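One structure below.
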Amino acid sequence: MNDSIHEFQKNLAQLNITLSDKQIDQFITYYELLIEWNSFMNLTAITDFDQVIQKHFLDSLSLVKAYDLSKECKMIDIGTGAGFPGIPLKIAFPHLDITLLDSLNKRINFLNEVKNKLALANLDTLHGRAEDFAKPGKLREKYDLCVSRAVANLSTLSELCLPYVKVGGKFISYKSEKIKEESIEAKHAIQILGGEVEGQIEFTFTKEQLYRNLFIIKKINPTPKKYPRKAGLPGREPL
């Protein structure tokens, strides 16, 4: 484990991130809880410590390549699953105000356990579908930043995520493949939803040279009230 931690810190240095001993301990505790809960519910197929560091922790923190996380920020992580990228970001940047949203209550129970064990303040968890909490009068256009590592096409993710973003804020989608065609197809949906493609940052990281594409969308206009459509439609019938 010590060798993996040392490699973790070397990779973090390349991202200009330095963690305290307390933060390193929080990442270790997070990993231990992940493995414990994964024994009786499906949280991740990746369980080796070194692999979790590379494919979950470092990957989550790679957001620094696309967004300045040194400043105050109200962020929501849509379809957070086992807490990626939200919890690694919260550990590394404790000043962030983060909401984790997931549709499966069992995962929310796990996230609450992590929150309590790691004593993470200003971290909220929400059980439900993204389509429901984005309705007017709820969490609509309340966030500076929305992030998602969820597996879905960019048109669908934009409909689920952009309604949460304030005008002037950003939605950043983590993609693990080149998405030129997908991004072209999504431009119409992004425009309808009040967004504008700002760019994408492609890079490889860690000793395994894992590929990552951070797709950046800026919110330039309010999202029309009819979006997102009712639960399930954004996935079945992308704009």
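Residues in the sequence shown are numbered consecutively from 1, following the numbering used here.
Yeah, the Cβ is synthetic: ideal placement off N, Cα and C, and Gly gets one too.
All of these numbers come straight from a predicted model, not from anything done at the bench.
Under DSSP, E202 forms a beta bridge with N213. The residue among T80, Q23, L160, L96 with its C-alpha nearest the C-alpha of K74 is L96. Between the C-alpha atoms of L239 and S155 there is a straight-line separation of about 6 Å.
Fully enclosed beta strand (DSSP E) runs of no fewer than 3 residues occupy 74-78 of the segment 50-94, in order along the chain. A Cβ-Cβ contact shorter than 9 Å links Y30 with P88. Counting the other Cβ atoms within 10 Å of the Cβ of F93 gives 16 or more, which makes it buried. According to the DSSP assignment, S4 belongs to the alpha helix (DSSP H) that extends over 2-14.
In this structure D77 is buried. Its beta-carbon is surrounded by 16 or more other beta-carbon atoms within 10 angstroms.
Judged by DSSP secondary structure, D124 falls within the beta strand (DSSP E) whose first and last residues are 123-127. By the beta-carbon neighbour count (other beta carbons within 10 angstroms, threshold 16), K225 is exposed. The straight-line gap separating the alpha-carbon atoms of E182 and N153 is approximately 7 Å. If you draw a 10 Å sphere on the C-beta of S70, you find fewer than 16 other C-beta atoms in it, and that means exposed.
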